[in-house]
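Let me begin by presenting the structure, written as C-alpha cells, before commenting on it.
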Amino acid sequence: MSDSVKKLPELLCPAGSPLALDAAIEGGADAVYLGGAAFNARMYAKNFGGDDLRSAVLRAHAYGVKVYLTLNTLITDRELSAYVDAAREALRAGVDALIVADLGGAMAIRRALPDAELHASTQMSAHHSQMGKELQKLGYTRMVIARETSLDDLTTIVRESPIEIEMF
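One point on numbering: in the working numbering, the residue at position 158 of the sequence shown is 259, and numbering is uninterrupted.
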C-alpha cells in the first residue's frame, strides 16, 4: 500500500447479545467485541459461552467480521486456571483476539496459549505511548486507550506506539 493511500480504521462494535451481533454485522462492522460466560465486565449482558460462542463466531466470520472476546476483569490466584480455560475455550471457538485487563492473567494466557492475540483492555488505563512499548514486549498487538485521553495525547500515542491503538 502506498503512503498516499491510508488504511481505514477498523469499525469495532459491541455485541452484548445475539441481536446486537446481528445488528453490528448488518451495520457493516469490521469486528465485534463480546463477553464470554465469565471474566468480563458486563456480566449482566446476554453474553456468549459454549455453543452460543461458537455459533456467534461462525456467524460473524461468515460475513468477514472478526470477533474479540473480553476477559476484562481483574482475577485472583484461585481464578487463574479458570481464566486460562476461558481463553482456551474462546480460541477453540475461533475468537480472533482476547481483550485482557489483568496483566498476570495475560502472562498466564501467553504461557499456555502462545499464539493468542492479546489486546490491552481499556480497564488497563493506557494513556501514553510508553505503555504501548511495554505491552508490545509482553506480546500485545493492540491497546485500548483510556477514555479520558486528550486529543493531543492521543495524537502522540498513535504516532509513537509500536502497537495498534483502539479508542472509544
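Glycine included, every Cβ here is placed at the ideal spot set by N, Cα and C. This structure is a prediction, so every number in the text was calculated from the model and none was measured.
Checklist line | Between the CA atoms of Leu112 and Asp131 - distance to the nearest angstrom | finding: Within the sequence shown, the letter at position 30 stands for residue 131. Within the sequence shown, the letter at position 11 stands for residue 112. If I take the Cα positions, the gap works out to 5 Å.
Check: Under 8 Å, do Ala116 and Val158 count as touching if we go by C-beta distance?
Finding: Here residue 116 corresponds to residue number 15 of the sequence shown, with the count starting at 1. Here residue 158 corresponds to residue number 57 of the sequence shown, with the count starting at 1. No; because the gap between Cβ atoms is not below 8 Å, this pair is not in contact.
Next item on the list: Look at the Cβ atom of Ala138, then the Cβ atom of Asn148, and state whether they are nearer than 8 Å.
Entry: Taking the first residue of the sequence shown as position 1, residue 138 is located at position 37. Taking the first residue of the sequence shown as position 1, residue 148 is located at position 47. Contact: yes.
Notebook entry, point to check: Would the region 245-265 and the region 204-214 be scored as touching if the rule is three or more Cβ pairs under 8 Å?
Noted result: no
Check: Comparing alpha-carbon positions, which option in Thr256, Ser262, Ala213 lies nearest Glu235?
Finding: Here residue 235 is taken as the residue at index 134 of the sequence shown, counted from 1. With distances taken between Cα atoms, Glu235 lies closest to Ser262.
Next item on the list: Identify which residue in Leu192, Pro110, Ile200, Cys114 has its Cα closest to the Cα of Ala142.
Entry: Walking along the sequence shown from the start, residue 142 turns up at place 41. Checking every option, the nearest Cα to that of Ala142 belongs to Ile200.
Next item on the list: List the DSSP bridge partners of His220.
Entry: Locating residue 220 in the sequence shown gives position 119, counting from the first residue. In the DSSP output, where bridge partners are listed per residue, His220 has Ile200, Arg243.
Notebook entry, point to check: Do Leu214 and Tyr241 come within 8 Å of each other at the CB atom, strictly closer than that value?
Noted result: By one-based count along the sequence shown, residue 241 stands at place 140. By one-based count along the sequence shown, residue 214 stands at place 113. Not in contact: Tyr241 and Leu214 (Cβ atoms no closer than 8 Å).
Check: Along the chain, where does the beta strand (DSSP E) that runs through Gly136 open and close?
Finding: For this step, residue 136 is matched to residue 35 along the sequence shown. Segment 132-136, the beta strand (DSSP E) holding Gly136.
Check: Is Thr171 near Ser222, with beta carbons less than 8 Å apart?
Finding: Looking up residue 171 in the sequence shown gives position 70. Looking up residue 222 in the sequence shown gives position 121. Contact: yes.
Checklist line | Endpoints, the beta strand (DSSP E) within which Leu113 is located | finding: Position 12 of the sequence shown, counting from 1, holds the residue named residue 113. It spans 113-115 - the beta strand (DSSP E) in which Leu113 sits, taken as one unbroken run.
Next item on the list: Could you spell out where the alpha helix (DSSP H) holding Glu180 opens and where it closes?
Entry: Translated into positions along the sequence shown, residue 180 becomes position 79. First-last for Glu180: undefined, no H or E at that position.
Next item on the list: Take Ser156 as the anchor and find which of Ser182, Val185, Glu265, Leu120 has the nearest alpha-carbon.
Entry: Residue mapping note: residue 156 aligns to position 55 of the sequence shown, counting from 1. Of the candidates Ser182, Val185, Glu265, Leu120, Leu120 places its Cα closest to the Cα of Ser156.
Note to self: Quick check: what's the CA-CA separation for Ile246 versus Asp152?
What the structure shows: By 1-based counting over the sequence shown, the position of residue 246 is 145. By 1-based counting over the sequence shown, the position of residue 152 is 51. Those two C-alpha atoms are separated by around 32 Å.
Checklist line | Residue burial classification, Glu127 (beta-carbon count within 10 angstroms, cutoff 16) | finding: Your numbering for residue 127 matches position 26 in the sequence shown. By the 10 Å Cβ count, Glu127 comes out exposed.
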